[in-house]
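**Q** Structure incoming, see below.
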Amino acid sequence: MQLKKISLTSFRNYNKVEVLFDPFLNILLGDNAQGKTNLLESIFYLSGGSSNRTFQDKELIKWEKDSFTISALFETRKGNYNLQILKSLDGKKDIKVNGIEQKGLPQVLKAVVFSPDDLNLVKGAPSLRRNFIDREISQIYSLYGYNLVNYNKILRQRNKLLKLNIDRNKLMKNLEAWNDQLIEYGSFIILKRLEVVKKLAMLSRLIYRRLTDNQENLDVSYYSNLKIDKDFTIDQIKDAYFNTLTKKREEEVKNRTTLLGPHRDDLIISINNKQARNYASQGQQRSCILALKLSIIELIKAQYGEYPLLLLDDVFSELDRKRRDFLIKEIKSSVQTFITSTRENNLNEEIAYPAKNFLIKKGECCPISYGEDNECFGENL
Ligand SMILES: Nc1ncnc2c1ncn2[C@@H]1O[C@H](COP(=O)(O)OP(=O)(O)OP(=O)(O)O)[C@@H](O)[C@H]1O
Ligand SMILES: [Mg+2]
Numbered sequence: 006m007q008l009k010k011i012s013l014t015s016f017r018n019y020n021k022v023e024v025l026f027d028p029f030l031n032i033l034l035g036d037n038a039q040g041k042t043n044l045l046e047s048i049f050y051l052s053g054g055s056s057n058r059t060f061q062d063k064e065l066i067k068w069e070k071d072s073f074t075i076s077a078l079f080e081t082r083k084g085n086y087n088l089q090i091l092k093s094l095d096g097k098k099d100i101k102v103n104g105i106e107q108k109g110l111p112q113v114l115k116a117v118v119f120s121p122d123d124l125n126l127v128k129g130a131p132s133l134r135r136n137f138i139d140r141e142i143s144q145i146y147s148l149y150g151y152n153l154v155n156y157n158k159i160l161r162q163r164n165k166l167l168k169l170n171i172d173r174n175k176l177m178k179n180l181e182a183w184n185d186q187l188i189e190y191g192s193f194i195i196l197k198r199l200e201v202v203k204k205l206a207m208l209s210r211l212i213y214r215r216l217t218d219n220q221e222n223l224d225v226s227y228y229s230n231l232k233i234d235k236d237f238t239i240d241q242i243k244d245a246y247f248n249t250l251t252k253k254r255e256e257e258v259k260n261r262t263t264l265l266g267p268h269r270d271d272l273i274i275s276i277n278n279k280q281a282r283n284y285a286s287q288g289q290q291r292s293c294i295l296a297l298k299l300s301i302i303e304l305i306k307a308q309y310g311e312y313p314l315l316l317l318d319d320v321f322s323e324l325d326r327k328r329r330d331f332l333i334k335e336i337k338s339s340v341q342t343f344i345t346s347t348r349e350n351n352l353n354e355e356i357a358y359p360a361k362n363f364l365i366k367k368g369e370c371c372p373i374s375y376g377e378d379n380e381c382f383g384e385n386l
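When you read off a place in the sequence shown, starting at 1, and then add 5, the result is the number in my numbering.
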């Protein structure tokens, strides 16, 4: 897939900007706090209808303004799309594809982002790993997001109920009424997570071995607090879910919250059979995340027959020479890539491919021919 053009109005620090991208490699250069990450964020938004940095859409609206728009022209194997998203401060969201109003965002553009925030993935809280896997599965299976939203709704209702001071019999009856739906949506989520983690484990193990010159082994597995096996069918998961919920009923009543289900699960990452969360070095964490992200790209390719967009936000400054070289080699010509960097990194000297360069300054974006005598914002580059 290929993003050809993006136009932003009142998005973050951009007033109005239109950018025409290169089909292969785009390098977004600029000093700190000029709008590089904001531009990547707008591309990410096109792929899932939400930001990778905030759950609050209103933060994306330029200060003092009351709405933002993102318009984009892109191409996938299925055809050409002209997508327009308008989001207002009052929460209204208008989406149009080729001029026709849509109920929701069509899940056609896929994007994988790798940013310094991802460096917390290995050692941070389990919720970060769940969010990572949820976001990527949502890109692979369109029904996953729907199940996740419903699961979270049921979970909230069930937790509310557990906090009520009501008669015990009434509580038990009501809990049971919620359990059916909790098990229905929750089991689907677990099944898909198991499926994807199995493939992710295989791919990332291979990439990680190459990254470490066959010296180290990466293992990724899914941990569920229900007693389930990685090869369980949906019915086996439902049975295990039901049985464990029944067993833990008293504990849940005592704790006044739902203790079991995919909202409490985790990804277990090990390097050479040692839990990465406790033992991985900085370099091992970086290699691990790199391997996971590159694996996701392959999973999306396997599912849709084409690579997603790859958004690399300032990661080159986080990686050492060896890992940078590895990443550069992995960026295949069929992956449209967007890299942000400050100018000191001299990315153009490291990357041998032809790239389109842009200079970003104070919420404006200007294409530049690197190394040639040209002027951008009154600067010679
Ligand atoms: N809603 C908003 N309205 C206006 N400006 C905003 C909004 N949200 C963020 N900004 C500003 O946008 C600027 C650019 O942010 P961005 O994260 O894109 O910087 P960057 O170029 O990636 O810098 P760095 O190299 O430090 O990562 C920041 O100064 C930030 O305060
Ligand atoms: Mg940035």
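The C-beta atom is built at its ideal place from N, Cα and C for all residues, glycine as well.
What is the residue span of the alpha helix (DSSP H) that Tyr86 lies within?
**A** No alpha helix (DSSP H) contains Tyr86, which is instead part of the beta strand (DSSP E) from Gly84 to Ser93.
**Q** Considering Cα atoms alone, identify which of Phe363, Asn20 and Ser292 is closest to Gln220.
**A** Out of Phe363, Asn20 and Ser292, the CA that lies nearest to the CA of Gln220 is found in Ser292.
**Q** What number of angstroms, rounded off, separates the C-alpha of Lys17 from the C-alpha of Asn31?
**A** Residue 17 is actually Arg in this sequence, not Lys. Each residue's alpha carbon lies about 20 angstroms from the other.
**Q** Would you say the beta carbon of Asp318 is closer than 7 angstroms to some non-hydrogen atom of ligand 2?
**A** yes
**Q** Are at least three pairs of beta-carbons, each pair with one atom in the segment 67-79 and one in the segment 150-162, less than 8 angstroms apart?
**A** No, they do not touch.
**Q** So which of Val113, Ser93 and Gln107 has the shortest CA-CA distance to Asn85?
**A** Val113
**Q** Ignoring anything shorter than 3 residues or poking outside the segment 283-318, list the beta strand (DSSP E) runs there in chain order.
**A** 314-318
**Q** Among the candidates Ala360, Ile356, Gln308 and Val340, whose CA atom is the shortest distance from the CA of Ile142?
**A** Gln308
**Q** Pull every residue with its beta-carbon under 5 angstroms away from any heavy atom of ligand 1, and keep them in chain order.
**A** Cβ-based neighbours of ligand 1 within the cut-off: Arg17, Asn18, Asn37, Ala38, Gln39, Gly40, Lys41, Thr42, Asn43, Lys67 and Trp68.
**Q** According to DSSP, is Ser47 helix, strand or coil?
**A** helix
**Q** Taking 8 angstroms as the cut-off, decide whether the C-beta atoms of Arg135 and Asp270 are in contact.
**A** yes
**Q** Which same chain residues, not among the five before or five after Pro121, have their C-beta less than 8 angstroms away from its C-beta?
**A** Excluding five sequence positions before and after Pro121, the CB atoms of its chain that fall closer than 8 angstroms to its own CB belong to Asp318, Asp319, Val320 and Glu323, given in chain order.
**Q** Compare the C-alpha of Leu94 against each of Ile105, Lys108 and Ser72 and name the closest.
**A** Ser72
**Q** According to the neighbour-count rule (16 or more other Cβ atoms, all chains shown, within 10 Å of its Cβ), is Lys115 buried or exposed?
**A** buried
**Q** Any heavy atom of ligand 2 closer than 7 angstroms to the Cβ of Thr81?
**A** Incorrect: Thr81 has no Cβ contact closer than 7 angstroms to ligand 2.
**Q** Any chance the CB of Thr59 is under 7 angstroms from a heavy atom of ligand 4?
**A** Inclusion of ligand 4 in the displayed structure is not the case, the ligand content consisting of ligand 1 and ligand 2 alone.
**Q** Please report the distance separating the alpha-carbon of Arg282 from that of Gly96.
**A** 38 angstroms
**Q** Cβ of Thr345 within 7 angstroms of any heavy atom in ligand 2?
**A** Thr345 has its Cβ nearer than 7 angstroms to a heavy atom of ligand 2.
**Q** So, Gly368 versus Gly40, is the Cβ gap smaller than 8 angstroms?
**A** yes
**Q** Assign Lys204 to one of three DSSP states: helix, strand, or coil.
**A** The DSSP-derived three-state label of Lys204 is helix.
**Q** Mark Glu384 as exposed unless 16 or more other C-beta atoms lie within 10 angstroms of its C-beta, in which case mark it buried.
**A** exposed
**Q** Please tell me whether Lys259 has its Cβ less than 8 angstroms away from any Cβ of chain C.
**A** The structure shown contains no chain C; it holds only a single protein chain.
**Q** Tell me whether the segment 285-302 and the segment 204-212 touch, counting them as touching only if at least three CB pairs, one residue from each stretch, are closer than 8 angstroms.
**A** By the criterion of at least three beta-carbon pairs nearer than 8 angstroms, the segment 285-302 is in contact with the segment 204-212.
**Q** Indicate the three-state DSSP secondary structure (helix, strand or coil) for Phe60 in the structure shown.
**A** coil
**Q** Suppose the cutoff is 6 angstroms on Cβ atoms and the five residues either side in sequence are ignored; what does the same chain contact list for Gln89 look like?
**A** Ser76 and Lys101
**Q** Exposed or buried, which one is Glu256 when buried takes at least 16 other CB atoms within 10 Å?
**A** exposed
**Q** Report buried or exposed for Gly310, applying the criterion of at least 16 other Cβ atoms within 10 angstroms of its Cβ.
**A** exposed
**Q** Within 8 angstroms, do at least three Cβ pairs link the segment 164-183 to the segment 257-267?
**A** In short, these stretches touch, since the Cβ pair count reaches three.
**Q** In whole angstroms, give me the CA-to-CA distance for Lys4 and Ser339.
**A** With the chain covering only 6 through 386, there is no way to say anything about residue 4.
**Q** In terms of alpha-carbon separation, which member of Tyr190, Leu65 and Asp240 lies closest to Phe49?
**A** Nearest in C-alpha terms to Phe49, of all of Tyr190, Leu65 and Asp240, is Leu65.
**Q** Using the Cβ count rule (16 or more neighbours within 10 Å means buried), how would you classify Pro28?
**A** Residue burial is scored here from C-beta neighbours: Pro28 has fewer than 16 other C-beta atoms within 10 angstroms and is therefore classed as exposed.
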